[in-house]
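K.L.:
Protein chains in written order, with the working numbering: chain A, 1 to 296; chain F, 297 to 525. One structure, pasted below without further comment.
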Amino acid sequence: MNISKPFAFTLSPSILEPMQKQALSNITIGKTADNFDLVSLPVKMAAVNLSVFYGKFQALNSISMDIPKNKITALIGPSGCGKSTLLRSFNRMNDLVQGSRVEGLVMLNGKNIYDPDVDVVDIRQRIGMVFQRPNPFPMSIFDNVSYGPRLYGIRKKSILEEIAESSLRQAALWDDVKDKLNQSGLELSGGQQQRLCIARAIAVEPSVILMDEPASSLDPISTLKIEDLMETLKEDYTIVIVTHNMQQAARVSDFTAFLMIDDDHSGILVEYGATDHIFTNPQKQQTEAYVTGRFG
Amino acid sequence: MPRQTLDREIHHLQDEVLLLGSMVEQALLNAVDALKQRDLIAARRVYDNDDLINEKRYAIENRVLILFATQQPIAHDLRLLAAIMEVITDLERMGDYAKGIAKICLLISQDDSPIPSREISRMCDLAAGMLHRALSAFISENVNIAYHIPQEDDMVDDLYNEIYRKMVAAMIENPAVIDHANYIMWVAHNIERTADRVTNICERTIFIATGELLEISTSDDEWGEMDEE
Numbered sequence: 001m002n003i004s005k006p007f008a009f010t011l012s013p014s015i016l017e018p019m020q021k022q023a024l025s026n027i028t029i030g031k032t033a034d035n036f037d038l039v040s041l042p043v044k045m046a047a048v049n050l051s052v053f054y055g056k057f058q059a060l061n062s063i064s065m066d067i068p069k070n071k072i073t074a075l076i077g078p079s080g081c082g083k084s085t086l087l088r089s090f091n092r093m094n095d096l097v098q099g100s101r102v103e104g105l106v107m108l109n110g111k112n113i114y115d116p117d118v119d120v121v122d123i124r125q126r127i128g129m130v131f132q133r134p135n136p137f138p139m140s141i142f143d144n145v146s147y148g149p150r151l152y153g154i155r156k157k158s159i160l161e162e163i164a165e166s167s168l169r170q171a172a173l174w175d176d177v178k179d180k181l182n183q184s185g186l187e188l189s190g191g192q193q194q195r196l197c198i199a200r201a202i203a204v205e206p207s208v209i210l211m212d213e214p215a216s217s218l219d220p221i222s223t224l225k226i227e228d229l230m231e232t233l234k235e236d237y238t239i240v241i242v243t244h245n246m247q248q249a250a251r252v253s254d255f256t257a258f259l260m261i262d263d264d265h266s267g268i269l270v271e272y273g274a275t276d277h278i279f280t281n282p283q284k285q286q287t288e289a290y291v292t293g294r295f296g
Numbered sequence: 297m298p299r300q301t302l303d304r305e306i307h308h309l310q311d312e313v314l315l316l317g318s319m320v321e322q323a324l325l326n327a328v329d330a331l332k333q334r335d336l337i338a339a340r341r342v343y344d345n346d347d348l349i350n351e352k353r354y355a356i357e358n359r360v361l362i363l364f365a366t367q368q369p370i371a372h373d374l375r376l377l378a379a380i381m382e383v384i385t386d387l388e389r390m391g392d393y394a395k396g397i398a399k400i401c402l403l404i405s406q407d408d409s410p411i412p413s414r415e416i417s418r419m420c421d422l423a424a425g426m427l428h429r430a431l432s433a434f435i436s437e438n439v440n441i442a443y444h445i446p447q448e449d450d451m452v453d454d455l456y457n458e459i460y461r462k463m464v465a466a467m468i469e470n471p472a473v474i475d476h477a478n479y480i481m482w483v484a485h486n487i488e489r490t491a492d493r494v495t496n497i498c499e500r501t502i503f504i505a506t507g508e509l510l511e512i513s514t515s516d517d518e519w520g521e522m523d524e525e
């Protein structure tokens, strides 16, 4: 009898030093035989021994994980496990929280984004963010999308129009709004507003898009549209999504990271691997309990 | 239209089921052909290639399980994926029947006792044809064809009985051919069981289209599955 059995493998060694690897020894990475091989995939971003503190409280405890390029990586876990903190640390949004402090590295294309010589505005252009609730600017649809490019110095209308159309097309919104680009973005439906926010994010040509519960305020059909859109977007972008909705993580992501809190209430990475594997044969008992709804 | 991922995966799985079905159909035709031609190389190939059939079955099963776990299929999608799980089990078992015929071909290679080639060929063509059309109906969810195909099983059963009687007569006439005749009966039995399992595919087709789980009765039902295991 020939049965394909999942097997364990280790994280890409490309950017990890031996000492850092030690910290990973308790993390299980898995895959199914006919699925993606995380080791062989190009790494777009990586957290290396990443800890985040809010004052004296340690929100994340030594997280190390690779984010593969042009894939969707989902962060799941119970409330308070630090998944949003981890997501926000990927484009230094935590810098805006008073008293926050970061230890460890967040690598983007081999460079630590927390290095002193890094321009945080440049980082946020390269790593876009889509939030839980659609938050279009109180301006026209066109201005919403062209706001970022204008900020980066593009003035020529024809180029801005080109960017707006391209971004709205990529966000699967162009056909809905092409005849009303001067209407306020706030007049769109919730799902359309969220797609407008995605168009706004990709208008500045990021390479990574972070999504923090991007569909939690949307109806089921709009949610599925956003999920399909993500599937299309990953051809051009690397996507990291935080979601409370486990089924959504299962549906949309290629890889899933399960986080939970340790005895000190700090977020730790329990298991990280191919989504197919996490939802059919997780290696850790805590992951099994969480994905089957018996915990969290 | 949302659910592109699920739709794409389902189409892919349907293609894979068709591919598995064609591998099984070809295995049956090749096994019977090898038997008639006493072609040991061809028989060995069918015997060995059963591993490929098994591998594909498990690959499809694995993919369906992943879809259950990650895509939360419901209603028609759920029925279709559940039916695929059943159908691939039947197909894999049909592959085992073809492998069994190939094995018999290898076992009786040194025996030049006559083989009722005409009846076996006819049975094989009928069973292969039923399988081919049942899988097409399965993919297109054609309920009318799914109801019709099991009726053809009677012709297969008639041929099986004909071969059975011939082989019993041969054994009575010449006890030296008992082993050979017994093997030929097993060949006929394997083809007959293949045709029976086509009925299962038809039942699953009706299940996908209507949601109704039913058993289509065929004339040999009185034997049940007593000889199955």
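Don't be surprised by glycine CBs; every beta carbon is placed ideally from N, CA and C.
For residue 282 of chain A and residue 321 of chain F, I'd like the C-alpha separation in whole angstroms.
P.N.:
Their Cα atoms are separated by approximately 37 angstroms.
K.L.:
Using only alpha-carbon positions, find the residue among F/469, F/361, F/302 that is nearest to residue 280 of chain A.
P.N.:
For the residues F/469, F/361, F/302, the minimum Cα distance to residue 280 of chain A belongs to F/361.
K.L.:
What ranges does the beta strand (DSSP E) occupy inside the region 148-229 of chain A, keeping only unbroken runs of at least 3 residues that lie completely in it?
P.N.:
Listed in chain order, the complete beta strand (DSSP E) runs (minimum 3 residues) inside the region 148-229 of chain A are 208-212.
K.L.:
May I ask you to list the residues that DSSP assigns as paired with residue 43 of chain A?
P.N.:
The partner list for residue 43 of chain A (beta bridge, DSSP) reads A/68.
K.L.:
Nearest to residue 339 of chain F by alpha carbon, out of F/328, F/349, F/348, F/347?
P.N.:
Ranking the options by Cα distance to residue 339 of chain F, first place goes to F/328.
K.L.:
Going straight from the alpha carbon of residue 275 of chain A to that of residue 456 of chain F, what length do you get?
P.N.:
Answer to the nearest angstrom: the Cα atoms are 49 angstroms apart.
K.L.:
Kindly say whether residue 495 of chain F, judged by its beta-carbon, lies nearer than 7 angstroms to any beta-carbon of chain A.
P.N.:
False, the Cβ-Cβ gap to chain A never drops below 7 angstroms.
K.L.:
Based on DSSP bridge pairs, tell me the residues matched to residue 238 of chain A.
P.N.:
DSSP output for residue 238 of chain A lists A/208 as bridge partner(s).
K.L.:
Ignoring anything shorter than 4 residues, give me the alpha helix (DSSP H) runs that lie fully in the region 427-452 of chain F, in order along the chain.
P.N.:
Correct list: 439-444.
K.L.:
Would you mind reading off the limits of the beta strand (DSSP E) that contains residue 107 of chain A?
P.N.:
It spans 100-108 - the beta strand (DSSP E) in which residue 107 of chain A sits, taken as one unbroken run.
K.L.:
Sort F/311, F/366, F/502, F/334 by Cα distance to residue 438 of chain F and report the nearest one.
P.N.:
Comparing Cα-Cα distances from residue 438 of chain F to each of F/311, F/366, F/502, F/334, the minimum goes to F/502.
K.L.:
Residues of chain A with a CB under 9 angstroms from the CB of residue 369 of chain F: which are they?
P.N.:
Neighbours of residue 369 of chain F on chain A: none; closest Cβ ~11 angstroms, over 9 angstroms.
K.L.:
Which residue from A/194, A/92, A/105, A/265 puts its Cα closest to that of residue 133 of chain A?
P.N.:
That would be A/194, whose Cα lies nearest to the Cα of residue 133 of chain A.
K.L.:
What's the gap between the Cα of residue 506 of chain F and the Cα of residue 396 of chain F?
P.N.:
Each residue's Cα considered, the two are about 35 angstroms apart.
K.L.:
Grab me the residues of residue 347 of chain F's own chain with a C-beta within less than 7 angstroms of its C-beta, minus the 5 sequence neighbours each way, in chain order.
P.N.:
Once the five neighbours on either side are set aside, residue 347 of chain F has no close Cβ partner at all.
K.L.:
Using a Cβ-Cβ cutoff of less than 6 angstroms, which residues in the same chain neighbour residue 159 of chain A once the five nearest sequence positions on both sides are dropped?
P.N.:
Same-chain partners within the cutoff: there are none.
K.L.:
Which value, in whole angstroms, describes the spacing of the CA atoms of residue 56 of chain A and residue 130 of chain A?
P.N.:
Cα-Cα distance, rounded: 29 angstroms.
K.L.:
Residue 317 of chain F lies in the alpha helix (DSSP H); which residues open and close that run?
P.N.:
Residues 300-333.
K.L.:
Tell me whether residue 292 of chain A sits in a helix, a strand or coil according to DSSP, three-state version.
P.N.:
Note: residue 292 of chain A maps to coil in three-state DSSP.
K.L.:
Identify every residue that forms a DSSP beta bridge with residue 60 of chain A.
P.N.:
DSSP output for residue 60 of chain A lists A/52, A/267 as bridge partner(s).
K.L.:
Going along chain F, which residues have a C-beta under 8 angstroms from residue 209 of chain A?
P.N.:
Near residue 209 of chain A there are no residues of chain F at all, since even the closest Cβ is about 18 angstroms away, more than 8 angstroms.
K.L.:
Below 7 angstroms between beta carbons: does that hold for residue 201 of chain A and residue 128 of chain A?
P.N.:
Yes, the pair counts as a contact, with Cβ atoms nearer than the cut-off.
K.L.:
In its own chain, which residues sit with a C-beta less than 7 angstroms from the C-beta of residue 364 of chain F, not counting the 5 before and 5 after it?
P.N.:
Excluding positions up to five away in sequence, the list reads 377.
K.L.:
Compare the C-beta of residue 22 of chain A with all C-beta atoms of chain F and state if any pair is closer than 7 angstroms.
P.N.:
Confidence is the limiting factor: at residue 22 of chain A the pLDDT is only 40, short of 50, which leaves the residue's position unreliable, though a coordinate-based value still follows. Not an interface residue.
K.L.:
Which of the three DSSP states is assigned to residue 90 of chain A in this structure?
P.N.:
Reduced to three states, the DSSP call for residue 90 of chain A is coil.
K.L.:
I'd like the span of the beta strand (DSSP E) that includes residue 257 of chain A, first residue to last.
P.N.:
Unbroken beta strand (DSSP E) run through residue 257 of chain A: 255-261.
K.L.:
Among residues of its own chain, excluding the 5 on either side of residue 198 of chain A, which ones have a beta-carbon nearer than 6 angstroms to its beta-carbon?
P.N.:
Same-chain partners within the cutoff: 130, 171.
K.L.:
With which residues is residue 111 of chain A paired in a DSSP beta bridge?
P.N.:
According to DSSP, residue 111 of chain A bridges with A/108.
K.L.:
Compute the distance between the beta-carbons of residue 102 of chain A and residue 141 of chain A, then report whether it is under 7 angstroms.
P.N.:
No, Cβ-Cβ distance for residue 102 of chain A and residue 141 of chain A is not below 7 angstroms.
K.L.:
Helix, strand or coil for residue 483 of chain F per DSSP?
P.N.:
Here residue 483 of chain F sits in helix by DSSP.
K.L.:
Smallest Cα separation from residue 352 of chain F: which of F/451, F/498, F/391, F/399?
P.N.:
Among F/451, F/498, F/391, F/399, the Cα nearest to that of residue 352 of chain F is on F/391.
K.L.:
Output, in chain order, the set of chain F residues within a Cβ distance shorter than 8 angstroms of residue 250 of chain A.
P.N.:
Simply 365, 366, 367, 368.
K.L.:
Residue 490 of chain F: buried (16+ other C-beta within 10 angstroms of its C-beta) or exposed?
P.N.:
Flag for residue 490 of chain F reads buried.
K.L.:
Is the CB-CB distance between residue 399 of chain F and residue 460 of chain F below 7 angstroms?
P.N.:
No, the Cβ-Cβ distance between residue 399 of chain F and residue 460 of chain F is not below 7 angstroms.
K.L.:
For a contact defined as C-beta to C-beta under 8 angstroms, what are the partners of residue 336 of chain F on chain A?
P.N.:
None at all; the shortest Cβ gap to chain A is about 25 angstroms.
K.L.:
In three-state terms, what does DSSP make of residue 118 of chain A?
P.N.:
Note: residue 118 of chain A maps to coil in three-state DSSP.
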